[in-house]
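Undergrad: For what it's worth, our numbering labels the leading residue of the sequence shown as 12, then goes sequentially. Submitted below is the structure of interest, expressed as structure tokens.
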Amino acid sequence: MNNLRCKKLISATTSLLLWATHVQAASCVHPLLGGTWSSSDIPVSYLFNPSGTPSGALSAIQSALATWATAPGSLIDVRYDGTTTDTATGLCGTDTKHVAFWGNRFNTPSSLAVALVCVDEAAQRITDADMEFNTTVSWATDGSGGVGSPYDIQSVALHEFGHWWGMDHPTTRESVMFNTYQGIRRSLGAVDEACIQTLYPGTRGGQNQTSQTTPSVNLGQNGPNPFRPRSSSDFTLIPFSLSQSAHVTIRIFNLDGELVKTLLDNDFAAGSYTTRWFGDNGNTGQTGESVASGVYLYHLKLSTGEERTKKLMLIR
Ligand SMILES: [Zn+2]
12 MNNLRCKKLI SATTSLLLWA THVQAASCVH PLLGGTWSSS DIPVSYLFNP
62 SGTPSGALSA IQSALATWAT APGSLIDVRY DGTTTDTATG LCGTDTKHVA
112 FWGNRFNTPS SLAVALVCVD EAAQRITDAD MEFNTTVSWA TDGSGGVGSP
162 YDIQSVALHE FGHWWGMDHP TTRESVMFNT YQGIRRSLGA VDEACIQTLY
212 PGTRGGQNQT SQTTPSVNLG QNGPNPFRPR SSSDFTLIPF SLSQSAHVTI
262 RIFNLDGELV KTLLDNDFAA GSYTTRWFGD NGNTGQTGES VASGVYLYHL
312 KLSTGEERTK KLMLIR
């Protein structure tokens, strides 16, 4: 028997519709939805419906996804599969479309967005997830809203994607999964990182595991990957982090070892960062010509001599 159940999870409102029996995991302060993605479904594909969306919405959503996908110690990952006209018509169906869209079919007047997550309870497996952003709400991507309207797309998307991974609302405001909009909030809380590590433990991207000491630099897998730019304003995010300040150079090379672009060449303090590549060549900080489909290497080098290299795929 197909023991599927739909859940409507509402962000940023006092009303919360939830039909779940909560499960608690040891290292999660978050109640859980009772299922996770199977490892064979990771990276989770997602589609974007551009109909009626505010400008910049896709980039904001991609940035929110990259934040989850680059959380250390977690295998959760996502793959952008392009645009769609779908609006979750296959809700809790057997379709493999996981769509973010703007609409007013599932939202209530007091909700900003709804994550629609379907769980096969017997298998403790998430089988479908969609997300509807409320069309009757004002949205922004430039941080203009502060703690209220217009609401920050990236912050709300960061919360709703937490539901996609199987988390519900904890009572602590430390978490991006708190059930009320907390203003612009584009990075995860420590409790969120702990929970995603518990739900999807592992280390992504074949990072060098020969040393047990904390590396002074970490270069993450880019996202989305494969990178499918539809226009010259689409980008893929390359995450990196430093445990101490350093001069950092990140360059893109083709498989012949030829330099395509220097993305950055700057001093950075300890911390986590992302840089963007628009799939172009040319000078640092300027938009060059679009480069062809193919596999590219991105290479990080520190002033201390440490280097990291990863591959990305660009498909036009
Ligand atoms: Zn929520």
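Cβ atoms here follow ideal geometry from the backbone N, Cα and C, with glycine treated the same way.
Counting C-beta neighbours from all protein chains within 10 Å, is the total for THR182 16 or more, i.e. buried, or is it exposed?
TA: Its Cβ having fewer than 16 others within 10 Å, THR182 is exposed.
Undergrad: If you follow the alpha helix (DSSP H) that SER56 is in, where does it begin and where does it stop?
TA: SER56 -> not in any alpha helix (DSSP H); beta strand (DSSP E) instead, spanning 55-59.
Undergrad: Have a look at the DSSP bridge pairing and note the partners of TRP288.
TA: THR247
Undergrad: Is it true that the region 110-123 meets the region 225-244, where meeting means three or more beta-carbon pairs spaced less than 8 Å apart?
TA: no
Undergrad: For THR381, which three-state DSSP category applies?
TA: There is no way to answer for residue 381, as the model of the chain reaches only from 12 to 327.
Undergrad: Ligand 3 heavy atoms versus the CB of HIS41: any closer than 7 Å?
TA: Ligands displayed in this structure: ligand 1; ligand 3 is not among them.
Undergrad: Taking ILE263 as part of the alpha helix (DSSP H), name the residues at either end of that continuous run.
TA: Element bounds for ILE263: not the alpha helix (DSSP H) but the beta strand (DSSP E), 257-265.
Undergrad: Excluding sequence positions up to five away, which residues of its chain have a Cβ less than 6 Å from the Cβ of PHE144?
TA: For PHE144, the CB contacts under 6 Å within the same chain, skipping 5 residues up- and downstream, are TRP113 and ALA124 in chain order.
Undergrad: Spell out the partners DSSP gives THR214 in its beta bridges.
TA: The partner list for THR214 (beta bridge, DSSP) is empty, contrary to what the question assumes.
Undergrad: How many angstroms separate the CA atom of GLY282 from the CA atom of LYS108?
TA: 35 Å
Undergrad: Does THR78 come out as helix, strand or coil in the three-state DSSP assignment?
TA: helix
Undergrad: Would you list the one or two residues that DSSP bridges to HIS310?
TA: ARG262 and THR320
Undergrad: LEU169 by DSSP, collapsed to three states: which one?
TA: LEU169: helix per DSSP, three-state reduction.
Undergrad: If you pair each beta-carbon of the region 201-211 with each one of the region 62-72, do three or more pairs fall below 8 Å?
TA: no
Undergrad: Run through the region 92-151 for me and flag every whole beta strand (DSSP E) of 3 or more residues, listed as ranges in chain order.
TA: Entirely contained in the region 92-151, the beta strand (DSSP E) runs reaching 3 residues are, in chain order, 110-114, 124-131 and 136-145.
Undergrad: Could you give the DSSP three-state label for LEU253: helix, strand or coil?
TA: strand
Undergrad: Touching or not, the region 303-312 and the region 260-280, by the rule of three or more beta carbon pairs under 8 Å?
TA: Yes: at least three Cβ pairs fall under 8 Å.
Undergrad: Please identify the residue among TRP175, ILE195 and TRP176 whose C-alpha is closest to the C-alpha of ARG184.
TA: The residue from TRP175, ILE195 and TRP176 with its alpha-carbon nearest to that of ARG184 is ILE195.
Undergrad: Drop a sphere of 10 angstroms on the beta-carbon of ASN294, count the other beta-carbons inside from all chains shown, and report buried for 16 or more, exposed for fewer.
TA: That one is exposed.
Undergrad: Give me, in chain order, the residues of the same chain whose beta-carbon lies closer than 6 Å to that of VAL158; leave out the 5 immediate sequence neighbours on both sides.
TA: Annotation for VAL158: GLY194 place their beta carbon closer than 6 Å to its own, counting only its chain and skipping 5 residues before and after.
Undergrad: CB of ASN190 to nearest heavy atom of ligand 1: below 7 Å?
TA: yes
Undergrad: In angstroms with no decimal places, state the Cα-to-Cα distance between GLY299 and GLN232.
TA: 23 Å
Undergrad: For VAL302, which of MET324, LEU311, TRP175 and THR260 has the nearest alpha-carbon?
TA: MET324
Undergrad: By DSSP, does SER283 sit in helix, in strand, or in coil?
TA: strand
Undergrad: Using a Cβ-Cβ cut-off of 6 Å (strictly less than) and excluding sequence neighbours within five positions of SER314, which residues of its own chain qualify?
TA: ALA257 and HIS258
Undergrad: My output table needs one value for LEU47: the three-state DSSP class, helix, strand or coil.
TA: According to the sequence as given, residue 47 is Thr; it is not Leu. The answer is strand: DSSP assigns THR47 an E or B state.
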